[in-house]
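In what follows, a single structure is set out as structure tokens and then discussed.
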Amino acid sequence: MKNIIYFLVIINCAAFSQTDKYGVLFDYNMLFHSANFQKLPDVPNCCPKFETGSGSGITLGILYEMPLYKDLSFMLRLVYSNQNGNLTDDELKTISVDGNAVLTGIRHTLNFDFGSILAQPMLNYNLYKFLNLSAGLSFGAMTQQNFKQSEVLVDRGAFVGKNTNIRNDISGTIKNATSISLQFLVGLNADFPLNKKGSLFLSPEIYYGKNLLPLVKDLTWNYYGFFFGLALKYSPPVIEIKEQIRKQIRIDTIKIPEEDISKSYVNQGKERFTTDTLLTEDTRLINQITSRTDTLFIQKPVILTAEVNAVGVEQDNTESSDIVIRNEEFLSSTMKPLLNYVFFDYNSAQLPERYKSIPPENTGNFNINNLFDSSTLATYYDVLNIIGKRLTEHPKADLTIIGCNSNLDLEKGNTSLSQNRADAVATYLKYVWKIDSKRIKMQSRNLPDIPSNSNEADGIIENRRAEIYSNDPSITAPLFLNDTLHLVKPMTIRFEPKAEATKGVKQWKISISYNGRVHKELSGTGEINSKPVWQISEDKDFLKEKCTKIEYTLQVTDNSGRVVTTQPKYIPVDEITIRSKKENLVNDKRIDNYSLILFDFDKKDINKPNREIINFVNKNIESNSTVNIAGYTDRMGEDDYNQSLSDGRAKSVERAITSGSKSSMGVGESKLLFTNELPEGRFYCRTVLITVETPINK
């Protein structure tokens, strides 16, 4: 009786063991085949049809079993399986024996021998104590696929033309046999302990298996079977676990600010009971935890604060929080080039709206000198008015307008469209500026004489244009300006506003003031997530203003309508005028800026219009002048190529400058001077900027 009780205790411990198992196995295979074919591929056979058969074999292998969760474990078996058997079919057939027709039987036999190396991943579920239910797959490679077949006369006689009762006696490897074995397995196994430690087990097993792939491609031939066997398993001994229980109480408190309460109060949360288990080598520590979350409602103060600081940013992106704005005047002359092209939209001959037009009655008020404060592109958009004004001042000058198209899609070969584009330009000059039609000659063609790259979208757009030429160079000559130049440091002021608002920020505003009035406002809505900038170097109104300091404040409005404004902060301004430099006998310098355009697409050579400009520049350079030359390109083409192209343009100009201390560099497309979304911006980027600084000694 004692031995029986001990055996049951060992079985119970083994059933709930949480350690891995390793083992070897042996199975006897009992297989049943079902088929529906007449013969194997390329093997002659007169059998009407093979339908059933049986076989046997053995399975040898190793296994590994790993517990997953409670009664569930994972088992992996690596095995070699051998399967022998045969398919038979008996046929009654009349044959000739000694000249007499005799009914006899023919037995068609197909013997086969399969071998495979398989992996068998399975899940084990413990049904009761030592009894387990297993299910999984068996898959792997077929290593042996042999056959032997024969057809035998069962009773008597011989086949026609043969002196034997056997024919089609053939053996070999089955052609087109499936190289992969795939089965579904389900069965039972039991783990019976063989020692007191419960570390060695004898495990009888029985599995049902169903093959999932045909044995031969394009033939109906499959099998199922039963696998009976034993496994010998080893499991490291289970260490006796000591159990300790520890009780804990945890209270968390969530603080929630509330605006509409007179005093703070607590809402006690619902208690929750959880168990946390920590396993060590020989101890199971069980934490029994009682927890709850209380909510503490506290009075919420309404906060609205604001702060703003300013940082100066130089051209090389260096920053400084200790700012003094230095605004210095220099004598200067500036040349603005005039692009003599008008660009059109796709398949259109209508002047785009960005080109400025004026009524005929206002042409008398148009003054080119008023454009000197405009940007380069803003001046260009008055190109038709500039040319119209100059034609009225030079009555002997004539124009040639050449309409062009991109020669692609609807514009391909459409010289009528090109003519209409030339007509649009001529019509504006004739009916607004009253230019005699006899002074305007119009031509049309497909691509321009010097086209842009038609393999790029930007180049295609640039070829949709009208080109304006004159027998008088002054009609399309650059605009020259003698004026004062303001250079300011730092070039940019970046503001860093901050706000804390209980109700949330509705809107904010930075006000910049000097001489008792607001000059500029930078504003936004919602939370402050940006650092707005003031581009001083581009603020012409400020550059011409005289002041000693700049005041800035931040005003924030929250969603309840409350407003807070920071105390004013100041940035000193150091105004250095030409007059003050003369009065203080300070050495000064003159700064002249010249720009070359009309570099042909993808070219770095100096053409005739640019040669004339350089000749003009040379006349204004002294021997003690410093000449800085920078070459630029548009965005078309590869970065490295554009860098080389801009270097070449700058070097060409440097060689053409005849005096002064010269330096040149190519900028490429790393800095685009103008927007490249429009064709005129790209043309103005194909330029070289010449800055001439000439000392004025006192």
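Quick note: the sequence shown, position 533, residue 1830 per the working numbering, numbers continuous.
A virtual CB, placed ideally from N, CA and C, is assigned to each residue, including glycine.
Since this is a predicted model, take the numbers as computed values, not measurements.
Starting from residue i, trace the beta strand (DSSP E) in both directions and tell me its first and last residue.
i       : result
Thr1799 : Where Thr1799 is concerned, there is no enclosing beta strand (DSSP E), given that its DSSP letter is neither H nor E.
Asp1861 : It should be noted that the sequence gives Val, not Asp, for residue 1861. Its beta strand (DSSP E) spans residues 1860–1862.
Leu1707 : Unbroken run through Leu1707: none, as it is neither H nor E.
Glu1764 : 1762–1767
Gly1978 : Per DSSP, Gly1978 belongs to no beta strand (DSSP E); it is in the alpha helix (DSSP H), 1976–1982.
Asp1889 : 1885–1893
Val1830 : 1830–1832
Glu1650 : It is not in any beta strand (DSSP E) - Glu1650 carries neither H nor E in the DSSP assignment.
Met1788 : Where Met1788 is concerned, there is no enclosing beta strand (DSSP E), given that its DSSP letter is neither H nor E.
Glu1990 : 1985–1993
Counting C-beta neighbours from all protein chains within 10 Å, is the total for residue i 16 or more, i.e. buried, or is it exposed?
i       : result
Phe1304 : In this prediction, Phe1304 scores a pLDDT of 42, lower than 50, which makes its location untrustworthy; no coordinate-derived value is stated.
Tyr1366 : exposed
Phe1777 : exposed
Ala1312 : Because Ala1312 sits at a pLDDT of 42, beneath the cut-off of 50, its placement in the model cannot be relied upon, and the following sentence gives the value as read from the coordinates. Ala1312 comes out buried.
Ile1698 : buried
Met1298 : Note that Met1298 has pLDDT 48, beneath the 50 cutoff, so the model's placement of it is unreliable and the number below is only indicative. Label assigned to Met1298: exposed.
Ser1949 : buried
Val1605 : buried
Thr1676 : buried
Ala1603 : buried
Asn1644 : exposed
Asn1242 : What is shown of the chain runs 1298 to 1995, which leaves residue 1242 out entirely.
Arg1547 : exposed
Thr1854 : buried
Leu1593 : exposed
Gly1957 : buried
Ser1314 : In this prediction, Ser1314 has a pLDDT of 46, which is less than 50 and means its spatial position is unreliable; what the coordinates show is noted afterwards. Per the 10 Å Cβ criterion, buried.
Thr1991 : buried
Asp1838 : exposed
Tyr1567 : Reading the sequence as shown, one finds Lys at residue 1567 and not Tyr. By the neighbour-count rule (16 or more Cβ atoms within 10 Å), Lys1567 is not buried but exposed.
Glu1448 : buried
Tyr1725 : buried
Tyr1929 : buried
Is the distance from the Cβ of residue i to the Cβ of residue j below 8 Å?
i       : j       : result
Val1729 : Ile1655 : yes
Ile1825 : Ile1790 : no
Ser1715 : Ser1741 : yes
Leu1479 : Leu1512 : no
Asn1624 : Val1785 : yes
Glu1388 : Met1372 : no
Asn1760 : Pro1748 : yes
Leu1485 : Leu1428 : yes
Pro1829 : Ile1620 : no
Gly1352 : Asn1383 : yes
Met1933 : Arg1979 : yes
Asp1591 : Lys1530 : no
Asp1368 : Asn1408 : no
Ser1961 : Ile1926 : yes
Ile1542 : Ile1583 : yes
Gly1410 : Cys1344 : Reading the sequence as shown, one finds Asp at residue 1410 and not Gly. For Asp1410 and Cys1344, no; Cβs fall outside 8 Å.
Ile1737 : Tyr1891 : no
Gln1446 : Asn1342 : yes
Ala1763 : Val1802 : no
Phe1498 : Ser1532 : yes
For the putative contact between residue i and residue j, defined by C-beta atoms under 8 Å, what is the C-beta separation to the nearest angstrom?
i       : j       : result
Asn1917 : Asp1889 : 6 Å
Leu1674 : Glu1977 : 7 Å
Lys1552 : Thr1799 : Contact flag wrong, Cβ pair sits at about 15 Å.
Ser1922 : Val1989 : 5 Å
Lys1514 : Thr1475 : 6 Å
Arg1887 : Ile1993 : 6 Å
Asn1702 : Asn1743 : 6 Å
Phe1323 : Leu1357 : 6 Å
Specify, as a first and last residue, the run of the alpha helix (DSSP H) that residue i falls within.
i       : result
Asp1944 : 1936–1953
Lys1686 : 1680–1690
Pro1534 : No alpha helix (DSSP H) contains Pro1534, which DSSP labels as neither H nor E.
Ala1675 : 1673–1677
Ile2005 : With the chain represented from 1298 up to 1995, any question about residue 2005 goes unanswered, as that position is not in the structure.
Arg1718 : 1712–1728
Phe1839 : 1837–1841
Glu1759 : 1754–1759
Tell me whether residue i counts as near the ligand MN, meaning its Cβ is closer than 7 Å to at least one heavy atom of that ligand.
i       : result
Thr1781 : Absence of the ligand MN from the depicted structure is noted, as is the absence of any ligand whatsoever, leaving it without description.
Along the chain, which unbroken stretches of the beta strand (DSSP E) at least 3 residues long are found entirely within the stretch 1547–1582? Runs of the beta strand (DSSP E) lying entirely within the stretch 1547–1582, each at least 3 residues long, are 1562–1564, 1569–1576 in chain order.
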